[in-house]
Amino acid sequence: MKKIYSKLGLVTCILLVLSFVLFCINLLKIKGEDETDIEIKKDEEIKEESYDIDYKAGMTINVLCSSTGEVMAMDINDYLRGVLPSEMPPYYDIEALKAQAIVARTYLYRKISDNAHNDGVHICDNFSHCQAFYNKEKIFEIWASKGYDENTRKQYWKNVNEAVVSTNGKIIKYNGEYIKAFFHASSPKKTEDVSQIWSGVHYPYLVSVENHEAEDYPNRTSQVEVSINDLISKVNNIDYSKYDLNNISTLNIHISDYTTSGRVKYIEVCGNKIKAEDLRTYFGLKSTDFTMEVNQNSVLFNVTGYGHGVGMSQVGANYYAKHGMNCEDIIKHYYKGVEISI
Ligand SMILES: [Zn+2]
């Protein structure tokens, strides 16, 4: 009998241990599933809410206000929410806004890694040196002055917020380095190869690419008329004894060189070359993609596009977004061979 009892005891013990092990396994399984569910829900809640509440990146930068010299410390996401509508119309397609958010974030990171500013300043609000930036209050003021009603302003801010938060932390790299994320408003046919302008430095991701843009973009074409005297005043070393300023044909004004994308590189006046980029600065031409009509007293510049033409075209990004491309495809179209990661 003792043997039977001890056998029964042994079997009971084994069964008990087995039951306990199975119970523990199930418990772990359930706990795991619950935790995953909770995590996903949390993530969704953050994203959904954060389009209404200004979700932070958790990293602070110092932004220089170039007009007052004041340095403003702010969260990176607050900075990007200020850059986005200062650089791109808030009514553009959400994928174009998201592309701009990734570009703006990358532009910031590159400026920081290049030490573009000193004394603890990471970036400034001057669009010609870094990126345009206005704070939320100023942006709402600007929108109000443009006649956008309150609901529209709220919706635009939500779009801006979605673009920044849904791309949180995403940046563009080439060979492991933050790219120089240049962008511009419009280049209706092709973007520019960076080696063709500025200092001539080549970046393999900043080459000329085909571009499509909406034809109703208001700055697609523009004209600037410059008097002959004003044009001549920009030319150095003119031997006036050799030229008759009243006889336009002797001045020999013409386009002398083009870039590989078809923009003007130099024009020639009285045997002297003027950089097309300098003409943009002197006379406010919207781009270097122009033709010239030389008249008796003036030169008429017929200009196509808006901006230097390097990197992402914003009008093009909006076109591609409206035709189904997502933000990462848009970025990869304009910056060749890059990777986008957090
Ligand atoms: Zn700057």
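Those letters in the sequence shown? Residues 0 to 341, per numbering that gives the first Met the number 0, in order.
In this text, a Cβ means the ideal position worked out from N, Cα and C, and glycines have one as well.
Taking every residue with its beta carbon within less than 5 Å of a heavy atom belonging to ligand 1 gives, in chain order, C123, H128 and C129.
Between G175 and S185, the alpha-carbon positions lie close to 28 Å from each other. L244 is classed as exposed because its beta carbon has fewer than 16 other beta carbons within 10 Å across all chains shown. The three-state reading of DSSP puts K189 in strand, counting E and B together. Boundaries cannot be given for V208, as no beta strand (DSSP E) includes it and DSSP labels it neither H nor E. By the criterion of a C-beta distance shorter than 7 Å, Q295 is surrounded in its chain by I247, once the five residues flanking it on both sides are discounted.
The closest CA to that of D77, considering only T249, N218 and G168, is found on G168. Closest option to N150, judged by alpha-carbon separation, among M73, D51 and I75: D51.
The beta carbons of L79 and L96 sit about 11 Å from each other, so the pair does not count as a contact at 8 Å. Taking a C-beta distance under 7 Å as the contact criterion, L230 and V298 qualify as a contact pair. Taking a C-beta distance under 7 Å as the contact criterion, M311 and F182 qualify as a contact pair.
In this model, F126 and Y147 are separated by some 24 Å (Cα to Cα). The alpha-carbon of D92 is positioned some 6 Å away from that of K321. H253 sits exposed, since fewer than 16 C-beta atoms from the chains shown fall within 10 Å of its C-beta. The count of Cβ pairs closer than 8 Å, one atom from the segment 118 to 133 and one from the segment 192 to 203, stays below three, leaving the stretches out of contact.
When only Cα atoms are considered, I141 and S240 end up about 53 Å apart. Assignment of F126 by DSSP, reduced to helix, strand and coil, places it in the coil class. CA-CA distance, T290 to G304, rounds to 12 Å.
Between the alpha carbons of K233 and V293 lies a gap of roughly 16 Å.
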